[in-house]
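> Numbering (this note's numbering), first residue to last: 78 to 497.
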Ligand SMILES: Cc1cc2nc3c(=O)[nH]c(=O)nc-3n(C[C@H](O)[C@H](O)[C@H](O)COP(=O)(O)O)c2cc1C
């Protein structure tokens, strides 16, 4: 494989899931076998640090920092939690990766375990993800039969086991402490932090929680080297990222693109443009991110350049707003989603999400003259509150909409009283 080709989606679209033999043909598990034979865990962490790999679950946390925290912490039981709890509307990349490239994810888990000193990993999926669950279960069996799981792998000191876990079908169950709670037999709701999972996670042991896509980048980085990885992407946002394009485009689905491309490229070139042929008015890079106006469609996709326009790539589940679309109805649906998905544990989160939904439904009815001030008040009230970041996730699209779609919101706010 060329070092500048795709890293994750290496098979032609429509191919069957990659089995162990096919994965091995493309160099699969060679990074792991080489690491076990000849590298200290610290060498792996240095290479991952040099690659600049950051989390793909939304928060973009440097992967090497997490691994170093676990590796340099007290010795004893440690876990890897591969987070595939993807339940965000519009995002399908983790399910796609686990279903079609299960061995990339598994090798990533094993490499993270070797680097951090973990002895057990959980591949955390959601109970309704039937095809990814079946694919992952088959791949784990193939791996065990091949001797890459169990005690003293390939005669080394490294022993490791992987279990599949089926989490509950809720949005918050993908949050890291909620996933830990589900694995421990709880309802899958976020816990108070600190302690953070890196210090005290599953069974109170250090737990490295990483998105399945983040982990799936590791085999390439450790096989081809950090420099090859850095050839993709921008100076600060290295490598590639998966994006899910919506059904409203000509070519919907999951695609890989290096950082530095643009939403225009994703929508018009990769996605083939809108099915309706109508122009794009704005993009929401992910449900819990902030809207980007059409005038910014050419901004390079990187954590840094999107931050400058008040947004972020999030998990890459893209929502496209077209000319002629009812923007207020779209934003209302987003507000309803967060109201429905908040888990009920934190009163400020219950309050903010239900108020946002209320404001949006009042806007739809043309009865929200003070909507912008109310949303800002909620943002002030919600700052720093809640066990997880759901309050901020709900506010991001709605607050940004007040600027990006200011004219629509302004017009809607008093539409029922106009002319009366
Ligand atoms: C409400 C909520 C839902 C989340 N859902 C997911 C998810 O489905 N998958 C995921 O990887 N991270 C999710 N996260 C982020 C995780 O808590 C965590 O940051 C992530 O798994 C870390 O992996 P990364 O560093 O590789 O991004 C969610 C966070 C919140 C607050």
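Every residue, glycine too, gets a C-beta built ideally from N, C-alpha and C.
Going by the beta-carbon positions, is the gap between residue 242 and residue 217 smaller than 7 Å?
In this structure, residue 217 does not lie closer than 7 Å to residue 242 by Cβ.
> Establish whether the CB of residue 311 and some CB of chain D are separated by less than 7 Å.
This model lacks chain D altogether, as it is built from one protein chain only.
> From the DSSP output, in three-state form, read off residue 80 for me.
Its pLDDT being 45, under 50, residue 80 is placed unreliably by the model, and the measurement read from it follows with that caveat. It is coil, neither helix nor strand.
> Determine, using beta carbons only, whether residue 490 and residue 448 come nearer to each other than 7 Å.
Yes, the pair counts as a contact, with Cβ atoms nearer than the cut-off.
> Going by beta carbon distance, what residues of the same chain come within less than 8 Å of residue 208, once the five residues before and after it are set aside?
The residues are 172, 176.
> Starting from residue 157, trace the beta strand (DSSP E) both ways and give me its first and last residue.
Note, residue 157: beta strand (DSSP E), 156–160.
> Quick one: residues in its chain with C-beta nearer than 8 Å to the C-beta of residue 186, no 5 flanking neighbours on either side, listed in chain order?
Once the five neighbours on either side are set aside, the close Cβ partners of residue 186 are 157, 159, 198, 200, 239, 292.
> Can you give the Cα-Cα distance for residue 345 and residue 219, rounded to whole angstroms?
Between residue 345 and residue 219, the C-alpha separation is close to 40 Å.
> Buried or exposed for residue 328, please, with buried defined as at least 16 other CB atoms from any protein chain shown within 10 angstroms of its CB.
The residue in question, residue 328, is exposed, as its Cβ has fewer than 16 Cβ neighbours within 10 Å.
> Could you work out which residue in 226, 363, 378 is closest to residue 395 when comparing CA atoms only?
That would be 363, whose Cα lies nearest to the Cα of residue 395.
> Any chance the stretch 294–307 sits against the stretch 162–171, with 3 or more Cβ pairs inside 8 Å?
Not touching, per the Cβ criterion.
> Whose CA, out of 424, 320, 138, lies closest to the CA of residue 462?
Ranking 424, 320, 138 by Cα distance to residue 462 puts 424 first.
> Tell me whether residue 286, by its Cβ, gets closer than 6 Å to a heavy atom of ligand 1.
The answer is yes for residue 286.
> Going straight from the alpha carbon of residue 79 to that of residue 266, what length do you get?
Note that residue 79 scores 38 on pLDDT, short of 50, meaning its location in the model is unreliable; the coordinates nonetheless yield the value given after this. The straight-line gap from Cα to Cα measures roughly 42 Å.
> Taking C-alpha atoms, which residue in 165, 421, 304 lies nearest to residue 391?
Measuring from the Cα of residue 391, the nearest candidate turns out to be 165.
> Confirm the yes/no value for this check: CB of residue 479, any heavy atom of ligand 1, distance under 6 Å.
Flag unset: Cβ of residue 479 not near ligand 1.
> Does ligand 1 have a heavy atom nearer than 6 Å to the CB of residue 56?
Lying before the first or after the last residue shown, residue 56 is absent from the chain, which here runs from 78 to 497.
> State the Cα-Cα distance for the pair residue 493 and residue 442, rounded to the nearest angstrom.
Cα to Cα, residue 493 sits roughly 7 Å from residue 442.
> Per the contact definition of three or more C-beta pairs closer than 8 Å, is the stretch 283–291 in contact with the stretch 303–314?
No, the stretch 303–314 does not touch the stretch 283–291.
> Output needed for residue 135: all residues of its chain with C-beta closer than 6 Å, excluding positions within five of it in sequence on either side, in chain order.
Contacts found: 391, 392.
> Determine the extent of the beta strand (DSSP E) in which residue 198 is found, giving its start and end residues.
That run of the beta strand (DSSP E) goes 197–203.
> For residue 370, which option in 377, 379, 378, 359 has the closest C-alpha, if you only look at C-alpha atoms?
Minimum Cα distance to residue 370 is reached at 359.
> Nearest by alpha-carbon distance to residue 155: which of 87, 193, 419, 485 is it?
Selected option, being the one with the closest Cα: 193.
> Can you find the residues in the same chain that come closer than 7 Å, C-beta to C-beta, to residue 352, ignoring five residues on each side of it along the sequence?
Result list for residue 352: 325, 326, 327, in chain order.
> With the cut-off set at 7 Å, would you say residue 470 and residue 365 are in Cβ contact?
Result yes, Cβ atoms of residue 470 and residue 365 sit closer than 7 Å.
> Starting from residue 290, follow the alpha helix (DSSP H) in both directions and report where the run begins and ends.
Here the alpha helix (DSSP H) through residue 290 covers 289–293.
> Spatial neighbours of residue 382 within its chain, please: CB distance less than 6 Å, with the 5 preceding and 5 following residues excluded, ordered by chain position.
Result list for residue 382: 376, in chain order.
> Whose C-beta lies closer than 6 Å to the C-beta of residue 255 among residues of the same chain, with five residues either side of it excluded?
These residues qualify, in order along the chain: 249, 265, 266, 267.
> Is it buried or exposed for residue 133, if we count other Cβ within 10 angstroms and need 16 for buried?
Looking at its Cβ environment, which holds 16 or more other Cβ atoms inside 10 Å, residue 133 is buried.
> Beta-carbon within less than 8 Å of residue 236's beta-carbon, same chain only, minus the 5 sequence neighbours each way: which residues are those?
196, 227, 228, 229, 230.
> What did DSSP end up calling residue 358 once you bin it into helix, strand or coil?
Three-state result, residue 358: strand.
> So, with DSSP's three-state summary, where would you put residue 497?
The predicted position of residue 497 is uncertain, since its pLDDT is 39 and thus under 50; a value taken from the coordinates is nonetheless stated next. Reduced to three states, the DSSP call for residue 497 is coil.
> Can you check the stretch 197–242 for any alpha helix (DSSP H) of at least 4 residues that lies completely inside it and give the ranges in chain order?
If we require 4 residues or more, the alpha helix (DSSP H) runs fully inside the stretch 197–242 come out as 207–222.
> Identify, in the order they occur along the chain, each residue of the same chain with its Cβ nearer than 8 Å to the Cβ of residue 338, setting aside the five sequence neighbours on each side.
The answer, listed in chain order, is 377, 378.
> To the nearest angstrom, how far is it from the Cα of residue 289 to the Cα of residue 161?
Straight-line Cα distance between these residues: approximately 6 Å.
> Between residue 318 and residue 178, what straight-line distance do the alpha-carbon atoms span, to the nearest angstrom?
Answer to the nearest angstrom: the Cα atoms are 15 Å apart.
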